[in-house]
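Structure, as structure tokens:
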Amino acid sequence: MVDVTPGAVAPVPPAEVPEVELYHPHSWWTKYVFSQDAKVIAIQYSGTAIAIGLVALVLSWLMRLQLGFPGTFDFITPEAYYQFITMHGMIMVIYLLTALFLGGFGNYLIPLMVGARDMVFPYVNMLSYWIYLLAVLVLVASFFVPGGPTGGGWTLYPPQIILSGTPGGQGAGIILMLVSLILFIIGFTMGGLNYVVTVLQGRTRGMTLMRMPLTVWGIFTATVMALLAFPALFVACVMMLFDRLLGTSFFMPALVEMGEQLSYGGGSPILFQHLFWFFGHPEVYIVALPAFGIVSDLISTHARKNIFGYRMMVWAIVAIGALSFIVWAHHMYVSGMHPYFGFFFATTTLIIAIPTAIKVYNWVLTLWRGDIHLTIPMLFALAFIVTFVNGGLTGLFLGNVVVDVPLSDTMFVVAHFHMVMGVAPILVIFGAIYHWYPKITGRMLDETMGQLHFWITFIGAYAIFFPMHYVGLVGVPRRYPDISGTAFIPESVSTLNAFITVAALIVGFAQMVFLFNLFWSLRFGREAGGNPWRATTLEWQTPETPPAHGNFGKELPIVYRWAYDYSVPGAKEDFLAQNDPGGPRAAASA
Amino acid sequence: MSVIVVFLLVLACLAGWWLSRQGLMSKPWLEQGVVGHLGEQPTLPAERIALVVFLAVVGALFALFASAYFMRMELPDWRSLPVSRVLWLNTGILVLSSAALQCAVFAARRRQADTLKLALVTGGISALTFLAGQLFAWQELFANGDFLADNPANSFFYLLTGMHGLHILGGLVALARVTAKAWDGPVTDRLQLSTELCATYWHFLLFVWFGLFVLLAGWAADFIDICRQLLT
Chain U
1 MVDVTPGAVA
11 PVPPAEVPEV
21 ELYHPHSWWT
31 KYVFSQDAKV
41 IAIQYSGTAI
51 AIGLVALVLS
61 WLMRLQLGFP
71 GTFDFITPEA
81 YYQFITMHGM
91 IMVIYLLTAL
101 FLGGFGNYLI
111 PLMVGARDMV
121 FPYVNMLSYW
131 IYLLAVLVLV
141 ASFFVPGGPT
151 GGGWTLYPPQ
161 IILSGTPGGQ
171 GAGIILMLVS
181 LILFIIGFTM
191 GGLNYVVTVL
201 QGRTRGMTLM
211 RMPLTVWGIF
221 TATVMALLAF
231 PALFVACVMM
241 LFDRLLGTSF
251 FMPALVEMGE
261 QLSYGGGSPI
271 LFQHLFWFFG
281 HPEVYIVALP
291 AFGIVSDLIS
301 THARKNIFGY
311 RMMVWAIVAI
321 GALSFIVWAH
331 HMYVSGMHPY
341 FGFFFATTTL
351 IIAIPTAIKV
361 YNWVLTLWRG
371 DIHLTIPMLF
381 ALAFIVTFVN
391 GGLTGLFLGN
401 VVVDVPLSDT
411 MFVVAHFHMV
421 MGVAPILVIF
431 GAIYHWYPKI
441 TGRMLDETMG
451 QLHFWITFIG
461 AYAIFFPMHY
471 VGLVGVPRRY
481 PDISGTAFIP
491 ESVSTLNAFI
501 TVAALIVGFA
511 QMVFLFNLFW
521 SLRFGREAGG
531 NPWRATTLEW
541 QTPETPPAHG
551 NFGKELPIVY
561 RWAYDYSVPG
571 AKEDFLAQND
581 PGGPRAAASA
Chain X
1 MSVIVVFLLV
11 LACLAGWWLS
21 RQGLMSKPWL
31 EQGVVGHLGE
41 QPTLPAERIA
51 LVVFLAVVGA
61 LFALFASAYF
71 MRMELPDWRS
81 LPVSRVLWLN
91 TGILVLSSAA
101 LQCAVFAARR
111 RQADTLKLAL
121 VTGGISALTF
131 LAGQLFAWQE
141 LFANGDFLAD
151 NPANSFFYLL
161 TGMHGLHILG
171 GLVALARVTA
181 KAWDGPVTDR
191 LQLSTELCAT
201 YWHFLLFVWF
211 GLFVLLAGWA
221 ADFIDICRQL
231 LT
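These protein sequence lines are chains U and X, in that order.
Under this note's numbering, the first residue of the first sequence is numbered 1, with each subsequent residue one higher.
Under this note's numbering, the first residue of the second sequence is numbered 1, with each subsequent residue one higher.
Next comes the structure, spelled out in structure tokens:
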């Protein structure tokens, strides 16, 4: 049997580090506002994403208030309700999750974890953030234009999205939404080029691809996917803008509206659906893959055990990334497509469950007989595994055409995707923030508030979305502001809806505890030191905490081993950092 | 969606070939010590990698437009546009522009500052002429009464040529900066790299234009029809 105990290796003297051209900030403005430091940009990205995410959270409360207690709130008209669901969905998927995982965590972690001083193109990186901010501002502006934001659903399906019956359809709402998306895609492409090239070219010596932490693998693969998937949304948005503003008929069929023949004719709404979901399905994994990567590192670190099946984990990430481009039409089973087409996409959809299941098994096997520390990041990571499995299992139902057809457009679908790409990635985001906050600020987040936040969020999320599956199974359609008085829907659904609403309000307020914790601990948190979790990856080995501009002081670290040498027998501490040759320390303890 | 799927398949093959050379079969838990590129400079400059990745994104964008074009074309209201003769002339000008930039690359490699300047300016001016020619083609359509919203074929013509023109414009901004640098000082490695990147981008956009031309002239559809008949 091969001896896998990590041992000492001959350390390599630091070679001449080539003079790096870093942009050194001279004023407060260039240091904190127009900064080209990836870490500052990461915080700007995260702050903006969380701020707009709070707007989406409030919108979800308003929706739940309407569903739980229909008719109680006069200001929630059906039009307003449609606007709330549309903006909630779009903000959460694109402006919060995508921006936070790639713009936030990507910017902060990629350079630190691969041992680079910064992103390779800091100026373009800065530009990426400012364009993202502009996209968010354009989106927010749509709340204040006459007619309000668009209310056509986050999938923006034509023809209804630009008709006068849809809120914002003939106003500026839909135009601002499309412009905002186009800006977001341009900004993201700038950032994405940076993340990819930094991983390819910016790695320090010894950091082979197969020594990168899985977090970097996840973010890297997701970025590549996003770079190739977002153009589909771009094309769809541009063509939709043409239809709306210039009267072309790319997507718009011949229509009679309010007794009046419109000038459109011959266009194909299905074409839009293809383009949208060609982006839309990879988007699910653009959000999920960084979460997969981060959760692997959290579990390994907090269970003090090397990740089970590292190679398989990498392969699975790449396989999921590739497969996710050929499953898009499973969102369109009810669009009237050819049955064989549906059969093909059902097959690819179910195949994607294989690499995903491999990952789940590997997480569980990493935990098996590990030295599990139930820290807050670990709690969130465990909650993620459970939630992701739950959400994934309902995906197996929906991936099959015959089961999907009756369940399509019911609350079951809403429950499914909230579990799998709403709650699950957000649990990882929380876990990651609790994990890396000490590196970002130098102080630990408060443990008690963290426990409170975790338990309310975790149990509360199940209280919201588990019953929602039942609501969907009895046939309650999604997107309806009021279903009371409908003959086939039992009275108990109203009771359940009220319960879900109360749970949603409680979970929402629990997030205020988290936000308070973020600010409170900045000042009063326990001093963290450089490596509070005794982790191996390079970001914890920086000479300063928080890391200074340039990350690693005078000399870049040299990487001697992979990222998962935990519980090493004979080591002075129970782990060997990636840049630790292992010799003197191991000898000292012997 | 077949165009984009084929495009991504090609990319996936390239990515797979590249990944297969990155030690995906290695067992990092057994390998300690410094391995990999110790002391080696990266073989390619980061800018070149970035350009290649960016071109993949632009390629995906135009492949998606082409996919949409084919899907929309099958609907009954499609009436193809006649191919304007101006487009042939424009194609020639764009080829000239690309060739000029290739000359610039050769000049930069041989450190011939004067030839480099001449070639860069020729490339820039011919690209501008191409854009003017495209505008002229639009003008011609206007004169014929073929407006944007009249027919999906018209809409796609304006949309695709416009999108391609915008990419050329973006390239011209970069080219202007490179030209200014060429005027400022001697030919350095840095300037040579910038010239090479511009030329790569130009060749790529020329290739995209060939694709669009084939698409807009309807030969792509004819070709697919022939393939279909052969298969069935």
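Beta carbons: idealized from backbone N, C-alpha and C, even for Gly.
Any Cβ of chain X closer than 8 Å to the Cβ of U:Y129 would place that residue at the interface, and such an atom is absent.
Between the stretch 173-188 of chain U and the stretch 249-256 of chain U there are fewer than three inter-stretch CB-CB distances shorter than 8 Å, so the stretches are not counted as touching.
The three-state reading of DSSP puts U:R443 in strand, counting E and B together. U:L193 and U:I131 have their alpha carbons spaced roughly 15 Å apart. Against chain U, a Cβ distance below 8 Å from X:R190 picks out nothing, because the smallest value is about 12 Å.
Between X:R48 and X:L191, the CB-CB gap reaches or exceeds 8 Å. Using a Cβ distance threshold of 8 Å, U:D371 and U:S567 count as a contacting pair. Here the alpha carbon of X:T188 sits roughly 25 Å from the alpha carbon of U:T198. CA-CA distance, U:L137 to U:S46, rounds to 15 Å.
Take the alpha-carbon of U:W315 and the one of U:S60: they are about 37 Å apart. In this structure, the straight-line span from the alpha carbon of U:M312 to that of U:Q578 is close to 20 Å. One thing to note: U:Q83 has its Cβ within 8 Å of the Cβ of U:G168. Looking only at U:P406, U:Q170 and U:N517, the smallest Cα-Cα distance to U:Y434 is reached by U:N517. With respect to the 8 Å criterion, U:L323 and U:T221 are not classified as neighbours on the basis of their beta carbons.
Per the DSSP secondary-structure output, U:P477 pairs in a beta bridge with U:T410. Residue X:V34 holds the alpha-carbon nearest to the alpha-carbon of U:A10 among X:A56, X:H203 and X:V34. Residue-level contact by beta carbon holds for U:W562 and chain X, with a gap shorter than 8 Å. In this structure, the CA atom of U:M258 is about 28 Å from the CA atom of U:G71. Judged by DSSP secondary structure, X:L24 falls outside any alpha helix (DSSP H); it is assigned neither H nor E. Residue environment analysis places U:K39 among the buried positions, since at least 16 neighbouring C-beta atoms fall within 10 angstroms of its C-beta. Spanning the alpha carbons of U:P146 and X:L148 requires a straight line of approximately 28 Å. For U:F575, the three-state secondary structure derived from DSSP is strand. Residue burial annotation: X:C103 is buried, with at least 16 other C-beta atoms found within 10 angstroms of its C-beta.
The C-alpha of X:V208 is placed about 10 Å away from the C-alpha of X:L55. A Cβ of chain U is located within less than 8 Å of the beta carbon of X:M1. Taking the CA atoms as reference points, X:W202 sits about 14 Å from X:V121.
Within the stretch 243-259 of chain U, the residues whose Cβ lies closer than 7 Å to some Cβ of chain X are L246, G247, T248, S249 and F250, listed in chain order.
The residue among U:F230, U:V474 and U:D482 with its C-alpha nearest the C-alpha of X:V57 is U:F230. The alpha-carbon of X:D150 is positioned some 10 Å away from that of X:D77. With respect to U:L241, U:F276 sits apart: the two C-beta atoms are not nearer than 8 Å. If you check each beta-carbon in the stretch 121-155 of chain X against every beta-carbon of chain U, the ones closer than 8 Å belong to L148, A149, P152 and S155. Of the residues assessed, U:V58 falls on the exposed side of the cut-off, its CB having fewer than 16 other CB atoms within 10 angstroms. Judged by DSSP secondary structure, U:S60 falls within the alpha helix (DSSP H) whose first and last residues are A38 to G68. Contacts with chain U at 8 Å (Cβ-Cβ) include X:V53. Using a CB distance cut-off of 8 Å, X:V57 counts as an interface residue toward chain U. Here the C-alpha atom of U:I162 lies approximately 23 Å from the C-alpha atom of U:A56.
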